[in-house]
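The sequence shown begins at 390 in this note's numbering and counts up one residue at a time. Beta carbons: idealized from backbone N, C-alpha and C, even for Gly. Given the structure is predicted, the values throughout are model-derived calculations rather than measurements. Here the structure is laid out as C-alpha cells; the discussion comes afterwards.
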Amino acid sequence: MTHRHPSPSRTPRALCGGAIAALCLGLAPAAVAQDGESEMPTQEVTFLSAEGEETGTATLTGTPHGLLIELDLQNLPPESWHGFHIHEEGSCDPEDGFKSAGGHFNPGDTKHGFFVDGSPHAGDMPNQYVAADGTLKAQVLNTFASLGEGDNDVSGRALLVHGGSDDYESQSSGDAGERIACAEID
C-alpha cells in the first residue's frame, strides 16, 4: 500500500500559513518548531506483568487529533481479546495486582463504554487481540486523550491490559477482569 502525501497546496501550513498552522491545527504555539513544523510530544513506557517482569513497551505520541499509542507486548495469554484502558493513577504495583492504578481515567465524569449513552471515559479504548505467540502489536488512536496538555492529559496516569475483554457497557469498568500488564506514564 502506497502512502500518499497531500500536495503542498492542500497541507494545513499552506492553507493557514507558516507558524499560524499551529493555531489552525489546534496546537499550542509552544508546540511549533522554528521551521513551522509541529513538534509532537512522545514518550516510551514499559509494561510490567503481574509477576513484576518487563513484558513490552508502548510509544505514546500526542497528535493534533488525540493520543496515538503504539503497543509492542509479549508473553500475554494467546489468541484472546483483552480490555485496554488508561487508568487514573500513574502507579503500577504488581504486589497489589495493579490496583494502585485506580479506576479508568475519566476527567469528564462520563459513563463507561462505547455502547452507553453519556459515554465513554477518556480512558476507554477498544479491546486488543493477542496473537497465538502471545504478542500484542497495535496502534490505537484515543481521540479523547492528550499528552502534555489540557484537561485530558494522560501524564501521571497508567496504561493497563486486562485479563478479559471489555463488554463496553458494564459500569464502571467493562467487566474486563484482572489487570495483567501495566505501564506508568510520566
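As assigned by DSSP and simplified to three states, the class of residue i
i	result
residue 515	strand
residue 490	helix
residue 442	coil
residue 484	helix
residue 496	coil
Beta-carbon contacts of residue i that lie in its chain and below 8 Å, excluding the five residues immediately before and after
i	result
residue 568	439, 486, 487, 488, 490, 549, 550, 551, 552
residue 423	Caution applies to residue 423, whose pLDDT of 48 falls short of 50 and renders its modelled position unreliable; the value that the coordinates give is listed next. So the list is empty, once near-sequence residues are dropped.
residue 539	none
residue 467	519, 520, 521, 522, 523
Same chain, Cβ closer than 6 Å to residue i, five either side skipped, listed in chain order
i	result
residue 448	433, 459
residue 450	429, 431, 457
residue 512	474, 475, 493, 494
Buried versus exposed call for residue i [16 or more other C-beta atoms within 10 Å across all chains shown]
i	result
residue 504	exposed
residue 545	exposed
residue 509	buried
residue 561	exposed
residue 517	buried
residue 479	buried
residue 575	exposed
Per DSSP, the bridge partner or partners of residue i
i	result
residue 458	449, 529
residue 437	443, 571
residue 432	449
Chain-order list of residues whose beta-carbon lies under 7 Å from that of residue i (same chain, five-residue window excluded)
i	result
residue 435	443, 446, 572
residue 556	563, 564
residue 497	511
If you scan the region 500-558 from start to end, which runs of the beta strand (DSSP E) of 3 or more residues do you find wholly inside it?
513-519, 525-531, 547-551
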